[in-house]
Amino acid sequence: MANTKRLVMIGNGMAGVRVIEHVLKLAPGVYDITIFGSEPHPNYNRIMLSSVLAGGTELSDIVINDWDWYRDNGIQLYAGHTVTSIDPVRRKVVSHLGIEAEYDVLLIATGSSAFMLPIPGADKEGVIGFRDIKDCQIMQEASLTYKNAVVIGGGLLGLEAARGLLNLGMDVTVVHSNAHLMNRQLDKAASAMLKRELEAQGMKFLLQKQSERIHGKKRVKSLSFADGTEIEADLVVMAVGIKPNHQLARDAGLSVNRGIIVNDFMETSHPDIYAVGECTEHRGIAYGLVAPLYEQGAVLAKRLAGVDTEGYTGSITSTKLKVSGVDVFSAGQYDEPPGTRSMKYQDELEGVYKKIVLRDDKLVGAVLFGETGDGASLFSLIRKGESVRGREKELLLGFAPGGAASSGKEDHLAELADDEVICGCNGVTKGAIAEAILTKGCNSVGAIKACTKASASCGGCKPEVEGLLKLYLGDAAAAPVKEGICGCTTLNRDEIVAEIKRMGLKTVKEVMNVLEWSQPEGCSKCRPSLNYYLGMLWPIEYKDEKESRFTNERYHANIQKDGTFSVVPRIYGGVTSPSELKKIAEVAERFEVPLVKFTGGQRLDLLGVKKEDLPRMWEELDMPSGHAYGKMLRTVKTCVGNTFCRFGTQDAMGMGIRLEKEFERMNAPAKVKLAVSGCPRNCAEATIKDFGIVAIDGGWELHVGGNGGVHVRATDLLCVVKTDDEVVEWAGAFLQLYRENATWNERTSIWVERVGLDYIKKALENAEERKALYGRIRTSIDQIADPWQEITQSRDLRKNFESLVPAQAVQN
Amino acid sequence: MAKVLIGHVGDIDAKGARTVRYRDVEIAVFRLSDGEVRAVENRCPHKGGKLAEGMVCGTAVHCPLHDWKIDLKSGNAYEPDEGCVETYETEVDPASGAIYITL
Ligand code: SRM
Ligand SMILES: Cc1cc2nc3c(=O)[nH]c(=O)nc-3n(C[C@H](O)[C@H](O)[C@H](O)COP(=O)(O)OP(=O)(O)OC[C@H]3O[C@@H](n4cnc5c(N)ncnc54)[C@H](O)[C@@H]3O)c2cc1C
Ligand code: SF4
Ligand code: FES
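Chains as they are written, first to last, in UniProt numbering: chain R, 1 to 812; chain X, 1 to 103.
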């Protein structure tokens, strides 16, 4: 240890620890490292706090380096220790708990704090900033007892906080001093669209309001404004800006302005004291986003490791709002300062707005709303600063598909440093991707995704990943590598189905052998798809392989996050009776079901059931499975129709029940949902179903290809028929056509778009063909029994729901 | 260390699994298609998914919750995921088909 140097770091946050990670790689064993951090946690991804607040993400999900990492790398971590003074003469720091550490090199990475408006009452209980885990906890707790939340600040942070509070069930108002939200990133047009979108999500806004005073006894009760108005508030979150934490440095005599002043090598005014991150000011700028801080960190790490570096010269930043359902991107000059020209595209119907800002022939800024896929590409052009003359329209209207990896972009990628982050979501650097391509043999975006997680989250960096593939592999990657249905084969769906038919293959194992699968038993993607194709092709001979079905389809219930299951019995057409309801209620009570809920599909869900209770519960319910878990027919929703409704033109319930009985147990490439409405008012929402039926006076409209899920799609009208029998025949024929032609996991909405409505109309118009299709779907369904009954009656199937019982130890 | 009789090969379907509780741990016991029996702790290293309910492919199982792939010999998660589960030594009596696990 004689020649190791003592490196002490103050602040256990994102920028600082990133430097340490690099130093450990570039100069292993050179430093003896000690870190002080105020927060009682290992270092975590602060960016993701919005997700923690919004729910569904835990602290453990966002930890970047866990406790073991510090231990394994020999780092002495004092978590929960705030450093109270630096003594640059004796070269030591002291924590508030009295721990002293001497240093040879000191690194200040204290980040920043939420800026709290200095208005009267700002010190009351319930008034906080949004900066760390503790703030999230306070907001979550407040949401349990209080109703009214006010967020001061309509910028990125404020809107993310507001979205999180909405998720927590609070009534949220955002107060903003400017007339426009995100006015530091967006122009007026985009800002107006953003406001409309967020209002639709339930957020309220008070714009051009100057907060003046916070009222309340101990806890906040209300907030009043300079114009004399007032708003009730049980929680006030200030998100008006950040304040670099530089007091410690200032007390030690370091030069400080807005932040701790550093040069291009992150050196402060004192020898051997460096600073990095949000606590610093570099060439007059104090940054508040991680990308520039990581760039600073890369330079500093090289400096500390004695590796040559040209220094840090500043960053152009880009921002993306992380609020679900709202895509906003902005980079560089978002407004149009003198000397610039801009080009805009605005589509109020689709909610899309795009703007690019040019100076001379260079791209200097971009704002995207609604469609942000080109953000990364535009951002790299801005940073590159090359001429875009002649390409302006292409840039505005979107990069041509496939043309994304243009030569200019490749040059840019070639020049990027290895530690530049390409995938912001997963923090994957250019170097890591290069390594995957060059040493791990990845030659497609899919392979790189599997190996590094780059482009695995939002996918925004896919163009860059494609560009890197082209850069390193040249033509070997330029011809898109043929991708099979999964990593085990290069064959696509149509090739596989054709081969199964041609060679009469009858089991999953046979298919894998004959078609030379790379993994002898396949994977969780190909196994279920082969199982489906075989069952579809050979409805009579093929014996369904339950081991090739996903958990839910094997246990005939939906697995929940805690390992329990849910039970949804079939309630045909959503029509039930008092005695059926009583029975369900009794079973729910007997098995102490923790939650009974009406589903969005007009039936009842019994959630939180233990696996071992499932068969007995099914027995006692004595109802067929609702298949709420399968790639099968799910529900047939109905409205009350002419049975009671004053507008109804047909018996919607009767039709729904008939269709559900007709097609229940049907296996399909993906789940299938039907609905029947009794008139064009369409109360059963038939026009967002896979097959939707809308009654009209004297007939039925048949609609196909709707979806109410991730990508909402309204149906296309297939045809109008007169009789009930025709409805059933057309429905069966359509579903069979889909079953025979779609790719596994492809919903009808995608399939209809892929093959086109005309193809479907043509195939079904011919009465003979239609009857044949209908005949085939009947044959398929007739082979299948109700799974719940099958399981309860078979000892061999039932055993899988029970645990084995160990005998006493035979040998100790 | 104790060697415990937990059941019989016939109790587990091929490419299937059963669970067995011993003291405080729940163990997933798999029967691979080549007849081998493997035992691992029934807790996915990711978020505790019950591996016994996953899909068995070769010598690996896909967790039912988020599809991590866990090797049943080493207990290690496949790349790019990281983590591992406890594995237990198993023994099958060739004559009787009885399964023993060393715990
Ligand atoms: C229970 C239910 C929510 C509720 O409490 O109301 C539900 C629950 C789940 N839905 Fe749903 N969906 C339910 C109605 C819907 C609806 C509304 C409807 O059917 O009218 C939709 C939109 C309509 C549509 O599908 O077109 C819907 C769109 C989805 C999607 C998105 C599908 C898409 O193509 O985009 C998923 C994800 C998927 O399938 O991959 C999903 C997936 C799920 C899963 C299976 C997630 C999972 O894998 O665990 C949930 C199972 C929970 C459970 O254990 O029961 N659920 N889900 C509803 C059951 C209806 C039923 O009685 O069968
Ligand atoms: C909710 C939220 C969302 C965000 N979203 C984004 C985003 O989408 N994109 C983006 O680029 N950026 C985002 N940011 C900003 C980003 O998190 C910061 O830029 C980044 O964390 C700054 O890193 P840092 O290391 O400089 O500071 P920090 O991560 O704040 O780390 C500094 C650490 O030092 C500790 N500390 C301070 N003083 C002392 C002391 N005297 N002794 C010991 N320890 C001390 C602090 O407690 C803190 O843990 C977001 C921030 C928040 C709060
Ligand atoms: S769709 Fe028509 S029939 Fe059905 S409830 Fe609405 S108005 Fe009545
Ligand atoms: S819990 Fe197993 S993959 Fe998430």
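Glycine included, C-beta positions come from ideal geometry on N, C-alpha and C. All values reported here derive from a predicted model rather than from experimental measurement.
Residue environment for residue 709 (chain R): exposed (fewer than 16 other C-beta atoms within 10 angstroms of its C-beta). Between residue 797 (chain R) and residue 53 (chain X), the alpha-carbon positions lie close to 14 Å from each other. Interface annotation, residue 780 (chain R): not in contact with chain X, CB-CB separation never under 8 Å. For the 8 Å CB-CB criterion, residue 333 (chain R) and residue 364 (chain R) form a contact. Pairing residue 694 (chain R) with residue 685 (chain R) gives a Cβ-Cβ distance that is not under 8 Å. Under the 8 Å Cβ criterion, the region 1–16 of chain R counts as touching the region 30–44 of chain R, having at least three qualifying pairs. Partner residues in the beta bridge of residue 176 (chain R), as assigned by DSSP, are R:207. Pairing residue 25 (chain X) with residue 72 (chain X) gives a Cβ-Cβ distance that is not under 8 Å.
In the three-state DSSP reduction, residue 32 (chain R) falls in the strand class (E or B). It is roughly 30 Å from the alpha-carbon of residue 639 (chain R) to the alpha-carbon of residue 169 (chain R). Excluding residues up to 5 positions away in sequence, 648, 649, 650, 651 and 678 lie with their Cβ nearer than 7 Å to the Cβ of residue 642 (chain R) in the same chain.
The beta-carbon of residue 616 (chain R) is placed no less than 8 Å from the nearest beta-carbon of chain X. Not one heavy atom of ligand 2 is found less than 7 Å from the C-beta of residue 174 (chain R).
If you check the C-beta of residue 110 (chain R) against ligand 2, you find a heavy atom less than 7 Å away. In the DSSP assignment, residue 271 (chain R) falls outside any beta strand (DSSP E), carrying neither H nor E. Shown here for residue 93 (chain R): same chain residues with a beta carbon closer than 8 Å to its own, the five before and five after excluded, namely 8, 10, 36, 83, 85, 86, 87, 100, 101, 103 and 106 in chain order.
The closest CA to that of residue 706 (chain R), considering only R:158, R:65, R:348 and R:692, is found on R:692. For the pair residue 59 (chain R) and residue 81 (chain R), the CB atoms are not nearer than the 8 Å cut-off. The beta-bridge partner set that DSSP reports for residue 27 (chain X) consists of X:20 and X:41. If you check the CB distance, residue 773 (chain R) and residue 737 (chain R) come in under 8 Å. Closer than 7 Å to some heavy atom of ligand 2: that does not describe the Cβ of residue 258 (chain R). Put simply, the CB of residue 84 (chain X) is far from chain R, with every gap to its CB atoms at 8 Å or more. The nearest non-hydrogen atom of ligand 2 is less than 7 Å from the C-beta of residue 10 (chain R).
Taking C-beta atoms as the reference points, residue 245 (chain R) and residue 113 (chain R) count as a pair closer than 8 Å. Given a length threshold of 3 residues, each whole run of the beta strand (DSSP E) inside the region 610–650 of chain R is given here in chain order: 633–638. Three or more beta-carbon pairs separated by less than 8 Å are not found between the region 256–268 of chain R and the region 231–241 of chain R, which leaves the two stretches without contact.
Rounded to the nearest whole angstrom, the C-alpha separation of residue 22 (chain X) and residue 15 (chain R) is 46 Å.
At a cut-off of 8 Å between beta-carbon atoms, residue 70 (chain R) makes no contact with chain X. At a cut-off of 7 Å, the beta-carbon of residue 331 (chain R) does not count as near ligand 2: no heavy atom of the ligand is closer than that. If you check the CB distance, residue 567 (chain R) and residue 614 (chain R) come in under 8 Å. In the structure shown, residue 722 (chain R) adopts coil according to DSSP, grouped into three states. Annotation: residue 336 (chain R) to residue 189 (chain R) spans about 13 Å, alpha carbon to alpha carbon.
Collapsing the DSSP output to three states places residue 762 (chain R) in a helix. Judged by pairs of C-beta atoms under 8 Å, the region 745–762 of chain R touches the region 713–723 of chain R, as three or more such pairs exist. The bridge partners DSSP lists for residue 238 (chain R) are R:152. Inter-residue distance for residue 777 (chain R) and residue 586 (chain R) is about 37 Å (C-alpha atoms, whole angstroms).
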